[in-house]
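Visitor: Residues -22 to -1, 1 to 90 (mature numbering (1 follows the signal peptide of the UniProt record, and there is no 0)) make up the sequence shown, in order. Note that the Cβ used here is the ideal one computed from N, Cα and C, for glycine as well. Small disclaimer: the values here were computed from a predicted structure and weren't measured.
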Amino acid sequence: MRKRSRALVLGAIPALSAMVMSACSVVDEGQEVTADCVDTSSRADDGSYRRVDDRYCEGGSHRGYTYVYGGNLYGGRVRRGTTIQPKDTAITSRGGRVIVRGGFGGRIGGGS
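1) Could you give the distance in angstroms between the alpha-carbon of Glu36 and the alpha-carbon of Lys65?
2) If you check the beta carbons only, do Thr70 and Thr44 fall under 8 Å apart?
3) Thinking C-alpha only, which one of Tyr47, Arg58 and Gly53 is nearest Glu10?
4) Taking only the alpha-carbon atoms, compute the straight-line gap between Gly53 and Ala68 and give it to the nearest angstrom.
5) Between Arg58, Thr18 and Val78, which has its C-alpha nearest Val30's C-alpha?
6) Cα-Cα, which of Gly25, Val78 and Gly73 is closest to Cys15?
7) Which one of Tyr34, Asn50 and Thr12 has the shortest CA to CA distance from Gly25?
8) Within 10 Å of its beta-carbon, does Ala22 have 16 or more other beta-carbons around it, so buried, or fewer, so exposed?
9) Taking buried to mean at least 16 other C-beta atoms within 10 Å of its own C-beta, is Arg58 buried or exposed?
10) With a threshold of 16 other CB atoms inside 10 Å of the CB of Val78, please say whether the residue is buried or exposed.
Structure (structure tokens):
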């Protein structure tokens, strides 16, 4: 039984490493990134999400929508990318909204 446990752990390490490396390589710091607002309830079997208008991701008033950074758009669906906003990166949505200016900048938008 001990051997099976070690085999499971040793088999999981490469898979976990691959996931971490792919998540880190999606967006490099200092580059320009495109963001897509997606409907999180529309996840397909291939892991893609339906792209929606930017207004659903603005202001936090719509639950169930988020930006995906650095993803690929195919037929109205966004694949890959990350929901973690990259730092020190200029981010613009496909709809043209400036989300973050590059460098040390902060979030652009409303507020008081």
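Guide: To lay it out plainly:
1) In this structure, the CA atom of Glu36 is about 19 Å from the CA atom of Lys65.
2) Cβ distance not < 8 Å, so Thr70 and Thr44 don't count as in contact.
3) Of Tyr47, Arg58 and Gly53, the residue nearest in Cα terms is Tyr47.
4) Distance between the alpha carbons of Gly53 and Ala68 is about 25 Å.
5) A check of alpha carbon separations from Val30 across Arg58, Thr18 and Val78 identifies Thr18 as the nearest.
6) Comparing Cα positions, the closest option is Gly73.
7) Ranked by Cα distance from Gly25, the first of Tyr34, Asn50 and Thr12 is Asn50.
8) So Ala22 counts as exposed.
9) Exposed, because fewer than 16 other Cβ atoms sit within 10 Å of the Cβ of Arg58.
10) Buried is the call here.
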